[in-house]
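Here is the structure we will look at, set down as structure tokens.
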Amino acid sequence: MVRCMHRTNIYLTEGQQRALDARARATGTSRSAVLRAVLDEALATSIERDDDEVVLAFGELADRYLEVADALFADDPDLRIDR
Amino acid sequence: MIIVDDRLCIEALARRPVPTSMPDETVATTWGFHFRLLRALADARLTGSLSRATSADVRAAAVEPPPATLVVLDPRRSTAMAATVAAAHGLNLLAAELLAAAKVHDARVVVAAGNLGRHWSTAFAAEHVDLQAVSF
């Protein structure tokens, strides 16, 4: 797979740099490749968690929805439910 | 295709099974019910006490739901039909668009029992559209 990459400069602590270099040596790759892999994993996890939270929030809203919608649209002839 | 109201849109967005829907069946809603949903989600009475995601995140997810989760139907395809059934059955914009969309897309309609309008059953039956109301 071909990835489009953008060059960027970041500041790392000495500890982070040592850890990246150690993992790069252990896996036979470069410091940049290790950093990209770490970012991919961390960001993917974050997106998945956010998505799960939104899905759970819809579940929370379900019970209250009809009551709120009834009040909101009671005076709107186009959008209210006439029972 | 199954066309649902705003309450059942929430079930779809919560990734819960939409009552009566079959596997791989497209779940859709009308522009009017999508507007009602987004308008309600903009109200703090509904979203003010979310314990997890922010209300902005929730609204954003509802604005453009993935088509695999929920399809928002283009109202222009059913405008003429909506006008016709509104005149024939005395329906408001919301109900007329729902009935017309079902006819145009040859779909059935499922709504929450609390969202069933007084004259809907008669009007939908007259137009030969399958309408079901589900309780929670």
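For the record, the sequence lines run as chains H and Z. If you read the first sequence in numbering that gives the first Met the number 0, its first letter stands for residue 0, the second for the next number, and so on. If you read the second sequence in numbering that gives the first Met the number 0, its first letter stands for residue 0, the second for the next number, and so on. Ideal placement from N, C-alpha and C gives every residue a C-beta, glycine not left out.
When Z/D129, Z/H127, Z/D105, Z/A13 are compared, the shortest CA-CA separation from Z/A52 is found for Z/A13.
A Cβ of chain H is located within less than 8 angstroms of the beta carbon of Z/E10. Judged by DSSP in its simplified three-state form, Z/A111 adopts strand. Taking a C-beta cut-off of 9 angstroms against chain H, the contacting residues of the segment 46-63 of chain Z are T46, S48, L49, S50, R51, A52, T53, S54, D56, V57, A59, A60, A61, listed in chain order. Against chain H, the CB of Z/R75 has no partner CB under 8 angstroms away; the residue lies outside that interface. At a Cβ-Cβ threshold of 8 angstroms, H/T26 and H/V37 do not count as neighbours.
Not flagged as an interface residue toward chain Z: H/D74, since no C-beta distance is shorter than 8 angstroms. Taking a beta-carbon distance threshold of 8 angstroms, Z/A82 does not count as an interface residue toward chain H. Residues are counted here when their Cβ sits less than 9 angstroms from a Cβ of chain Z; for the segment 47-72 of chain H these are D49, D50, D51, E52, V53, V54, L55, A56, F57, G58, E59, L60, A61, D62, R63, Y64, L65, E66, V67, A68, D69, A70, L71, F72, given in chain order. Closer than 8 angstroms to the CB of H/L19 there is not a single CB belonging to chain Z. Judged by DSSP in its simplified three-state form, H/A25 adopts helix. Annotation: Z/W30 to Z/A95 spans about 12 angstroms, alpha carbon to alpha carbon. Excluding five sequence positions before and after Z/A132, the CB atoms of its chain that fall closer than 6 angstroms to its own CB belong to V110, A112, L115, given in chain order. Given a length threshold of 3 residues, each whole run of the beta strand (DSSP E) inside the segment 23-106 of chain Z is given here in chain order: 26-28. Judged by their CB atoms, Z/V26 and Z/L69 are nearer to each other than the 8 angstroms cut-off. Counting along the chain, no beta strand (DSSP E) covers H/I9, and no H or E run does either.
Assignment of H/V67 by DSSP, reduced to helix, strand and coil, places it in the helix class.
Residue state for Z/I9 is assigned as helix, using DSSP reduced to three classes.
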